[in-house]
Structure formats: structure tokens, C-alpha cells
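Residue numbers (my numbering), protein chains in the order written: chain A, 14 to 339; chain B, 133 to 482.
Glycine included, every Cβ here is placed at the ideal spot set by N, Cα and C.
All figures in this text were calculated on a predicted structure; none of them were measured in a lab.
Below is one structure, written out as C-alpha cells, with a few remarks after it.
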Amino acid sequence: MSAGARTALLSVDKLVKRFPLHGGLLQRVTGYVHAVDGVSFDVGKGETLGLVGESGCGKSTVGKTVLKLHEPTSGSIRLMDKDIADLGPRQMRQYRKAIQTIFQDPFSSLNPRMKAGTIVGEPLSIHGLASGRRKVDMVAEIFEKVGLRADHMERYPHEFSGGQRQRLSIARALVVCPELIIADEPVSALDVSIQASVINLLIRLQKEMGLSFLFISHDISVIEHVSHRVAVMYLGRIVEIADRPKVFAVPRHPYTEALLSAVPVPDPSVRKKKRILLTGEVPSPIKPPAGCHFHTRCPLVEERCKREAPALREVSPGHFAACHLR
Amino acid sequence: MTAQGHIGQARNAGTARDTPILKVEGLRTEFHTGAGVARAVDGISFDVREGEILAIVGESGSGKSVTSLSIMGLVPSPPGRITAGAVSFEGRDLLRLDERQLQRLRGHKISMIFQEPMTSLNPVLTIERQMVEGIREHLGLGAKEARAHAVDMLKRVHIPAPENRLKEYPHQLSGGLLQRIMIAIAMSCNPKVLIADEPTTALDVTIQAQILDIMRALRDEYQAAIILITHDMGVVAEMADRIVIMYAGRKVEEGSVEDIFRNPQHPYTRGLLGALPKLGQAGEVGSQTLNEIPGIVPLLTDLPDGCRFAERCSLATSRCRAQYPPFEEKRPAQWAACWETGRLNGEGGP
Chain A
14 MSAGARTALL SVDKLVKRFP LHGGLLQRVT GYVHAVDGVS FDVGKGETLG
64 LVGESGCGKS TVGKTVLKLH EPTSGSIRLM DKDIADLGPR QMRQYRKAIQ
114 TIFQDPFSSL NPRMKAGTIV GEPLSIHGLA SGRRKVDMVA EIFEKVGLRA
164 DHMERYPHEF SGGQRQRLSI ARALVVCPEL IIADEPVSAL DVSIQASVIN
214 LLIRLQKEMG LSFLFISHDI SVIEHVSHRV AVMYLGRIVE IADRPKVFAV
264 PRHPYTEALL SAVPVPDPSV RKKKRILLTG EVPSPIKPPA GCHFHTRCPL
314 VEERCKREAP ALREVSPGHF AACHLR
Chain B
133 MTAQGHIGQA RNAGTARDTP ILKVEGLRTE FHTGAGVARA VDGISFDVRE
183 GEILAIVGES GSGKSVTSLS IMGLVPSPPG RITAGAVSFE GRDLLRLDER
233 QLQRLRGHKI SMIFQEPMTS LNPVLTIERQ MVEGIREHLG LGAKEARAHA
283 VDMLKRVHIP APENRLKEYP HQLSGGLLQR IMIAIAMSCN PKVLIADEPT
333 TALDVTIQAQ ILDIMRALRD EYQAAIILIT HDMGVVAEMA DRIVIMYAGR
383 KVEEGSVEDI FRNPQHPYTR GLLGALPKLG QAGEVGSQTL NEIPGIVPLL
433 TDLPDGCRFA ERCSLATSRC RAQYPPFEEK RPAQWAACWE TGRLNGEGGP
């Protein structure tokens, strides 16, 4: 999918999210966690944008802010060209229906006291989309779509395996026919053999229903497999964003290069390849370094990187990277 | 004296490479649960040699971690109990040692690192206290020498400003640093065997690369045998010399890393390798489906008589369901427990 032909379903512009830190006797604000620090991207219709990064890079905060679980500190979020800051209560309800989510942990995100059918049917009642017999039919239909049986509706979450529970979460997200799914590490808690079936299911459903995904994960191989486009985050900022093949074949940001190089490849014959080993660790988002956030670990660092934050720049058509040196 | 002396000797002792340093035979560990007896490890045998990295691979519930806890005498009892088997190390059966004898071995000749470095260190003691205690106890060094040795070990795992780190408490350090400290502690008494249970699972991938690099360097330097327990086939491909694949408490395949990745002889191994998205090999989104293994792992309290993988295996026959297949050599130095290896390899029809 080329960048020009896409119509943006979701547009996020210069999104900032800071969390205040309280301290001292009076619990005054003593500082901020700069979780998301000016992030812009869009997600096209029917497209999967993979948001990849290591722990603490802010990728989950981006997802939660788009879901309106957090209020953005600044910046805008637009769905189908409507700024969600301007939405009234009724339109907000529409927004919440259009954007659904799947979380990482299928154990804690399902109410253990509710039957599977009730869990999946609840969004239909909340949004007033169906009730009674019709609701049951719709739930049964979505159960089948995600690979569960209709008789599973009478069971409780603990009676399902991890993979089946994740299918329940997917069913609950899809039952209201959303436009966009925010999937935050949807397969990270699953064993490899189960993970494969959930990934296959998500890709199949995307084709069948024309869904868009913001797919958040730390697992670079999974991101490569599911994404049309990929954004790489480091310490609150997007450092690189482009169509998937570009990011993986010709990464332009030194962090992306190191990240790709660090992934262990399940093939013993490629073991001897030289890795880019990053030294040190990710700095704290409470006191991010000046200039380029990556400069403390970058093998190519120059004086300028320590002072000036590089802007995300088009380094080749449709390929953006935030690095002074590329 | 520092550990330098030991290292020099270990390096030259390359002759012992083919004799197993630790040998596990017929290990069986059970847990008594409300739902009955769960046989977490059911007759596991393997050995590991000096300077070798043996990976024990399996998904959750395969028994890989219980195997390592059993070797170390760390199975919580009750509810756990080792009901059969032997673990021979330096002419002794570890399963017959009392707690005092085990304590002398643990952290000295056999040491272990866990997935969560945060929970394996004592939060109210400084790093120094936790490092020096074992070094003094096991190597019989004085306080000053032990401290110098601790600093030396921290340098070996590339910890910057090691003197300062010694004064800190675990909560002041990041996960990657703590895991490096755990490795430094584990290696500080020059162990013969290091058991690493998912050592990088809780870490970010760039930090994982650092830790794996350190583990490999220490293996080369100390010639310790490493038992690496993991679910991550990428880490296995990168690190291991040999592999044991476990499924529902049993060993289903064993062989060299090259053979198993190139020519898996058990349908479960093959399935596992096919289920992984491989970096750099993805086509258009949706053009490739990952290999699915249908169904789930059987309950350890209700195991079938036949092959435990049969219910999820596309090649399973009535024999597979009725009789557990023997663990036999399928190719030179590669073993698997499967009745249908012939069909798996495309011989004699689909």
C-alpha cells in the first residue's frame, strides 16, 4: 500500500502525554514522566500499522491515549477527519464503538463471573445495537468467526485455554463492527503454537471485515509478519516510520538497525553474523537526554546529536527517519 | 587468590569434553494437587558436557523448569516430590544428598539464574552482601579478597563502576543490570554447571543480546556446562550446541542444534518451528499463514496412555493414541519419540 493512495482512518498529530510525579510532604508535582513526546502517524483503512519498541518507549501509552483511556497532554487525534477533542457525548459513544481493543493478558481482561456469551454480548447492549434473540444470534455468529463453538457461550472464562480466551477478547472487540482495533501485545502471553493461530485469525479477519489495526508489540518478528507499515518508537518518540519492507530491508535509523540486529534468528546457520551490540540501557523517561533521545547509546553519535533533537524527515519516498546523520 | 587460577586450568582441560559432567536419568517429579497427581516431569534423561550449552526447550507446562528445580533440589515439598530417577554429578547422586550437602554445592559447583532477577535477589541487602556471602562461604576467601573478587566478576559482565554498584540495593538497578549481577554471582565460584532458566525472557531484545553475549563469553572462558531452559527458538538457535525438546513432561526429541532445526524428527518440533514468524522472511501481509498446532497441551493430571501429542498431531494413528512411542535414534545422533517419523519425512505416502 503506497503512502499517497491511502486514506487515513486515524490521524495522530504531535501527540504528547506526560504523567505528573508527586513528591514531598504536600504531594506537589515534582516532575513528569514524558511517556509520549510528540508522536505523529496515521493508520489507513484496512491497514495494519505496527508500533514497535522496547519496554518504556511509550507505545502502550499511545494506544491507551487513542482509546481515550488517557487524556492527551497536547496534540490531536482524528478519526475519519473528526478531531476527537470536539466530540460531544453522543459522538464520543460512536467513537468508542468504532475503536475497539484487545489486550495482552486474556486472564485479567475477561470478567471471571460472566459467561462467555454475556461478555461478548455486552458491547451490543451498551451501544444499543441488539438485544434478545438478535443479540444471541450476533454473538453466535461472531463466535463462529473467531473459531469458537456456539456452545462455548455458556462457559465461564476459566474453562477456556489461553488461546481461546484471546479469541473471546477478539470476539468482544469485533461484535460491534469497529473500524479500528488497538491490539496491545495481543499474542505476547501465548505459547508459540497458540500464538500462530491467533495471528492467522487476526489477519484473516482483517481481510474479511476490512479492519484496520494499530498493532503494538515488542516482538519484532510478529510485527514484521502482520504489519503493512511500521513505526519504531524509542523513549517517547517515533524514530522511523515507513512501509514494512523498507523498515526491515533498509532501516535508516541507527536504533532500528540495532533493534533488528539484536533479534535472535531461529536458524543456527546464521549464528555467526556480526551484531550491533548497544551498550548501556534506555534512559529514564523522567529525565530524557537532550537532543536525540538515542544519543547516549548510538554508535554513530556526533556533537550535534547531543544538542538538537532531529525531526522526522523523509529520507527516501515514503520513508521517514529522525536522525541527523541519515 | 582470585578466580584467575581456576580459569587457566579450566581452559586447558579440553580433554574432558566428551564425558558428561552432569547426568540426569529417568527423573520423575510429581505434584499433588486438588485435581490429582500432576506428573510434571515423567522420566527425563539427558546429560551435559563441559563447555557445552544444552538447551531444554518447551512451552508452558512442558516440565522444563521443574526439571531444573529437581536437579538443584529446589522442588517445593509438599506438594512436589521426586519419585524416581538419579542426577549424577562428580560421582554422587544429587537426589540423595541432604539439604546441607546441597547447600554446599548450590552456588558453588552448580549454580542457577532465573527469569526474574528482581525476585531472586534479596531486596533488603546490598549487592555486596549478596555477592560476597557466597564467595567467602564457597571459596574460603577473606572479606577483602572476596570483595575484590566480586568487583572482578562485575567487570567481567561489563558492569560500569562496579565498586559503586556493590553499595546499591536491587531496586536501584535496572532489570538488565540485575540479570548481569545474577550471572556474576552465579559464575563467581567458577561452577561446573550453570542452569539458566529463561534468563532473558523478562528483558528487552537489545538487553537480551548483551546478556547472551556475556553468557557465551563466560562459557568460552570458564568451560562451564550451561543448561539453558527456554521457550524461545531464536535464543536456542543462537546459543545451543544440543537441544532437548520437551512436551507434557517427556522428552520428545534430542539432537544437535543444526540437525533439529534443519531436519526435525518429531511432528511437535516441526510444528513449533513452523509456527514462528521468521524475521526477514515475511511476504505480503496475509500471503503466508503460520503453521498452527491445533488443540492444547493435555492436563498433567489426566495424561493419555499413548503419545501425549497425538491429540494435536495431524499424523496420529490409533497406535499413537494407544501406545507411547519409544525414544529411538532416527538419524545419526538424533533421537525422537514418534511412531510416524517415516510419514513425517515423506516416506510411504502422505
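Legend entry - Exposure of A/Lys294, with buried meaning 16 or more beta-carbon neighbours within 10 Å: Along the first sequence, read from residue 1 onward, the residue named residue 294 of chain A stands at position 281. The identity of residue 294 of chain A in the sequence shown is Glu, whereas the question assumes Lys. With 16 or more other Cβ atoms within 10 Å, it is buried.
Inset, instruction - List in chain order: all unbroken alpha helix (DSSP H) runs of 4+ residues lying wholly within the region 66 to 113 of chain A. - result: 72 to 79, 102 to 111
Legend entry - is_contact[B/Leu408, chain A] using C-beta, thresh 8 Å: Start at 1 with the first residue of the second sequence, and residue 408 of chain B comes out as number 276. Cβ-Cβ to chain A under 8 Å: yes for B/Leu408.
Inset, instruction - Specify whether the region 181 to 193 of chain B and the region 354 to 371 of chain B touch according to this definition: at least 3 beta carbon pairs, one from each stretch, less than 8 Å apart. - result: yes
Inset, instruction - Just the C-alpha distance for A/Arg147 and A/Leu187, rounded to the nearest angstrom, thanks. - result: Within the first sequence, the letter at position 134 stands for residue 147 of chain A. Within the first sequence, the letter at position 174 stands for residue 187 of chain A. A/Arg147 and A/Leu187: Cα-Cα distance of roughly 16 Å.
Inset, instruction - Grab me the residues of B/Ser446's own chain with a C-beta within less than 8 Å of its C-beta, minus the 5 sequence neighbours each way, in chain order. - result: The sequence position of residue 446 of chain B within the second sequence is 314, counting from 1. If we look at B/Ser446 and ignore the five residues flanking it on each side, its Cβ neighbours are Pro399.
Inset, instruction - Specify whether the region 323 to 331 of chain B and the region 285 to 304 of chain B touch according to this definition: at least 3 beta carbon pairs, one from each stretch, less than 8 Å apart. - result: no
Inset, instruction - Could you pull out every residue in the same chain whose Cβ sits closer than 6 Å to the Cβ of A/Leu28, ignoring the five residues on either side in sequence? - result: Position 15 of the first sequence, counting from 1, holds the residue named residue 28 of chain A. Closer than 6 Å at the Cβ level, and outside the excluded window around A/Leu28, lie Val49, Val52, Pro85, Gly88.
Legend entry - Contacts around A/His47, its chain only, beta-carbon distance under 6 Å, and the 5 residues preceding and following it disregarded: Taking the first sequence and counting its residues from 1, one reaches residue 47 of chain A at position 34. Excluding positions up to five away in sequence, the list reads Arg31, Gly249, Pro298, Pro301.
Inset, instruction - Taking 8 Å as the threshold, find out whether the region 364 to 380 of chain B comes into contact with the region 329 to 336 of chain A through three or more Cβ pairs. - result: No: fewer than three Cβ pairs fall under 8 Å.
Inset, instruction - With 7 Å as the C-beta to C-beta threshold (strictly closer), list the residues of the region 211 to 227 of chain A near chain B in chain order. - result: Ile212, Asn213, Ile216, Lys220
Inset, instruction - With 8 Å as the threshold, decide whether the Cβ of A/Ala129 is near any Cβ in chain B. - result: Within the first sequence, residue 129 of chain A is the residue found at index 116, counting from 1. No - not a single Cβ of chain B is within 8 Å of the one on A/Ala129.
Inset, instruction - Determine, using beta carbons only, whether A/Ile233 and B/Val337 come nearer to each other than 8 Å. - result: Position 220 of the first sequence, counted from the first residue, corresponds to residue 233 of chain A. Position 205 of the second sequence, counted from the first residue, corresponds to residue 337 of chain B. In this structure, A/Ile233 lies near B/Val337, with their beta-carbon atoms less than 8 Å apart.
Legend entry - Opposing strand residues paired with B/Met204 [DSSP bridges]: As a first step, residue 204 of chain B must be located in the second sequence, where it is residue number 72. Bridge partners of B/Met204: none, in fact.
Legend entry - Own chain partners of B/Ala278 with C-beta closer than 6 Å, once the 5 adjacent residues on each side are dropped: Residue mapping note: residue 278 of chain B aligns to position 146 of the second sequence, counting from 1. Excluding positions up to five away in sequence, the list reads Val264, Ile267, Arg268.
Inset, instruction - Since I believe A/Lys158 is in contact with A/Leu218 (beta carbons under 8 Å), could you give me their beta-carbon distance rounded to a whole number of angstroms? - result: Counted from its first residue, the first sequence places residue 218 of chain A at position 205. Counted from its first residue, the first sequence places residue 158 of chain A at position 145. That belief holds up - the Cβ atoms of A/Leu218 and A/Lys158 are roughly 7 Å apart, short of 8 Å.
Legend entry - Per-residue burial, B/Met371 [other beta carbons within 10 Å of its own, 16 or more giving buried]: Counted from its first residue, the second sequence places residue 371 of chain B at position 239. Classification for B/Met371: buried.
Legend entry - Sequence-distant residues of the same chain with beta carbon closer than 8 Å to B/Thr449, five excluded per side: Mapped onto the second sequence, residue 449 of chain B falls at position 317. Contacts found: Trp471, Glu472.
Legend entry - Alpha-carbon to alpha-carbon, B/Glu424 and A/Gln104: Here residue 104 of chain A refers to the residue found at position 91 when the first sequence is read from its first residue. Here residue 424 of chain B refers to the residue found at position 292 when the second sequence is read from its first residue. The alpha-carbon atoms of A/Gln104 and B/Glu424 are separated by roughly 40 Å.
Inset, instruction - Evaluate contact between the region 72 to 81 of chain A and the region 184 to 199 of chain A, counting only Cβ atoms and requiring at least three cross-stretch pairs below 8 Å. - result: yes
Inset, instruction - Check whether the Cβ of B/Ala414 lies closer than 8 Å to any Cβ atom in chain A. - result: Numbered from 1 along the second sequence, position 282 holds the residue referred to as residue 414 of chain B. For B/Ala414, the closest Cβ of chain A is nearer than 8 Å.
Legend entry - Cβ-Cβ separation, B/Gly308 to B/Gln342 (assumed contact under 8 Å), whole Å: Taking the second sequence and counting its residues from 1, the one referred to as residue 342 of chain B is at position 210. Taking the second sequence and counting its residues from 1, the one referred to as residue 308 of chain B is at position 176. Going by Cβ atoms, the distance from B/Gln342 to B/Gly308 rounds to 7 Å, so yes, they are a contact pair.
Legend entry - Among A/Ile216, A/Ala98, A/Ile236, the one whose alpha carbon lies nearest that of A/Leu64: Translated into the one-based positions of the first sequence, residue 64 of chain A becomes position 51. It is A/Ile236 whose Cα lies nearest to the Cα of A/Leu64.
Legend entry - the region 173 to 180 of chain B contacting the region 150 to 157 of chain B, beta-carbon criterion three pairs below 8 Å: yes
Inset, instruction - Determine the direct distance from the alpha carbon of B/Met314 to that of B/Leu305, and round the result to whole angstroms. - result: On the second sequence, position 173 is the one that residue 305 of chain B refers to. On the second sequence, position 182 is the one that residue 314 of chain B refers to. Their backbone Cα atoms lie some 12 Å apart in a straight line.
Legend entry - Cβ neighbours of A/Tyr8 in the same chain (closer than 8 Å, five flanking residues each side left out): Absent from the model: residue 8 of chain A. The displayed extent of chain A is 14 to 339, so no value can be given.
Inset, instruction - Please decide whether B/Thr362 counts as near chain A, where near means a Cβ-Cβ distance under 8 Å. - result: Stepping through the second sequence from its first residue, residue 362 of chain B is reached at position 230. Answer no: the Cβ-Cβ gap between B/Thr362 and chain A never drops below 8 Å.
Legend entry - A/Val260 versus B/Gly406, B/Gly412, B/Glu390, residue with shortest Cα-Cα distance: In the first sequence, counting from the first residue as 1, residue 260 of chain A sits at position 247. The residue with the shortest Cα to Cα distance from A/Val260 is B/Gly412.
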